[in-house]
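Structure, as C-alpha cells:
Residue numbers (the working numbering), protein chains in the order written: chain R, 1424 to 1573; chain P, 333 to 482.
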C-alpha cells in the first residue's frame, strides 16, 4: 500500500558539506570556514545550493519506490529537471527534517510518437524551529517502451 | 580559496551577460568523487562495463554534478550562494569524460529586487568517438532568481 509521504532527517555536517562543496569544484570559503560564514551573518559554513540531493543517502531509491509507489521502470528513466526554491541555505551543524511526496505525475504524448511520463518528487526541508528552509523538486522522465533509446 | 566580489542591485541591468565560467575537463574520477559526496551511486556513472551494457559508449557525468558547477557559477556571479532564491535546471544532453562544462548566464529581468536570470551549461569536447557528437552541445538549460540589496 503506497503512502502519501515519507519523512526523514537530513544531517548537514561540516564534513559532508565540505566533501560536497569540493565535489562540485567550490572554492568559496563560505562553505568551509566558520569565520568566513560568520562575516556574512551565518552561524556556520553554508551547504552548497544543490546539497540536499544527499537525501538519497537517507531515502534510497528502492525505499522511495516502495513507499510512494510510482512504479517506475528505471531502465527507461532519465533525470529530466531539478528545481530548488530557497528561504535560506542549510547551515553546517543543523539537522533538517525532510518530507517527500509525489507532487506531479502525468503523461505527455511525444511529437514523434511514443509518450513520456513525468513524475515530480517534492521534498520540503524544515529546521529545528519548524521553519521552511527549502523545497526541492526532482523530476524523472520515463520514456515509453517503444521510444528510441537516447 | 576565493571569495566572490560583493555585488549590489545597481550593478545589474536587464539583458546583461554574466560571463563565462569553464569547469573541467571532467574525468571519471570527478564522477567517483561526486558519487561519494552526493550518494548518487548509479554505476552508469562509474563502471565502464555497466555503462556499455546499458547502451552508453562509456560513463558520463551525473546531471546534478553539471548542475552543481552551474550553481557554483551563478553563486560567484552574485556575490555568494546565500543570495540565491531559486535555481532550476533542465537536462538536455550528457557530459562525457574529457568534456569541459561551459557555464553562461544572462539577466532577463529585475522584479522587486529579485534578479531573474537564464542559464546554460554546454559540454565542449570531442565526446565518445562512437557518438560522433558536435564539439559543443547544450547540457543544461536553467534559471535562477537572486535577491540583491541596492
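Where a beta carbon is used, it is the ideal one built from N, C-alpha and C, also for glycine.
is_contact[residue i, chain R] using C-beta, thresh 8 Å
i                      : result
residue 335 of chain P : yes
residue 482 of chain P : no
residue 441 of chain P : no
residue 446 of chain P : no
residue 412 of chain P : yes
residue 371 of chain P : yes
residue 382 of chain P : no
residue 416 of chain P : yes
residue 365 of chain P : yes
Coil, strand or helix - residue i by DSSP
i                       : result
residue 393 of chain P  : coil
residue 456 of chain P  : strand
residue 1513 of chain R : coil
residue 378 of chain P  : coil
residue 1535 of chain R : coil
residue 1502 of chain R : strand
residue 451 of chain P  : strand
residue 406 of chain P  : helix
residue 1568 of chain R : coil
Whole-angstrom C-beta distance between residue j and residue i, which should lie under 8 Å
i                       : j                       : result
residue 358 of chain P  : residue 429 of chain P  : 7 Å
residue 479 of chain P  : residue 433 of chain P  : About 26 Å separates the two Cβ atoms, so there is no contact after all.
residue 1530 of chain R : residue 1563 of chain R : Rounded, the Cβ-Cβ distance is 13 Å, inconsistent with contact.
residue 450 of chain P  : residue 475 of chain P  : 6 Å
residue 1510 of chain R : residue 1557 of chain R : 6 Å
residue 356 of chain P  : residue 409 of chain P  : Actually they do not touch by this definition, with Cβ atoms about 19 Å apart.
Beta-carbon neighbours of residue i, restricted to chain P and to distances below 7 Å
i                       : result
residue 1473 of chain R : 396, 399, 400, 403
is_contact[residue i, chain P] using C-beta, thresh 8 Å
i                       : result
residue 1431 of chain R : no
residue 1512 of chain R : yes
residue 1442 of chain R : yes
residue 1448 of chain R : yes
residue 1459 of chain R : yes
residue 1476 of chain R : yes
residue 1495 of chain R : no
residue 1434 of chain R : no
Cross-chain neighbours of residue i in chain P, by beta carbon under 9 Å
i                       : result
residue 1451 of chain R : 333, 334, 335, 336, 404, 407, 408, 412, 413
residue 1525 of chain R : Residues of chain P passing the Cβ test: none, with the nearest at roughly 19 Å.
residue 1469 of chain R : 412, 413, 414
Partner residues on chain P for residue i, Cβ-Cβ distance less than 8 Å
i                       : result
residue 1556 of chain R : Neighbours of residue 1556 of chain R on chain P: none; closest Cβ ~13 Å, over 8 Å.
residue 1480 of chain R : 371
Proximal chain R residues relative to residue i, where beta-carbon distance stays under 9 Å
i                      : result
residue 420 of chain P : 1504, 1505, 1506, 1507, 1508, 1560
Test: residue i CB closer than 8 Å to a CB of chain C
i                      : result
residue 423 of chain P : Among the protein chains in the structure shown, which are R and P, there is no chain C.
**OP:** Could you tell me whether the region 1512-1521 of chain R touches the region 1537-1555 of chain R, where touching means 3 or more Cβ pairs closer than 8 Å?
**Re:** Contact between the region 1512-1521 of chain R and the region 1537-1555 of chain R is present, because at least three Cβ pairs lie under 8 Å.
Original post:
Does the count of Cβ pairs from the region 1446-1457 of chain R and the region 1497-1510 of chain R closer than 8 Å reach three?
Top reply: In short, these stretches do not touch, since the Cβ pair count stays below three.
Original post:
Below 8 Å, can you find three or more Cβ-Cβ pairs linking the region 386-403 of chain P to the region 457-475 of chain P?
Top reply: Enough Cβ pairs lie closer than 8 Å, so yes.
Subject >> At least three beta-carbon pairs within less than 8 Å, the region 393-404 of chain P to the region 344-362 of chain P >> reply: Judged by pairs of C-beta atoms under 8 Å, the region 393-404 of chain P touches the region 344-362 of chain P, as three or more such pairs exist.
**OP:** Decide yes or no for the touch test of the region 365-381 of chain P against the region 408-423 of chain P: beta carbon pairs closer than 8 Å, at least 3 of them.
**Re:** Cβ pair count under 8 Å is below three, so no.
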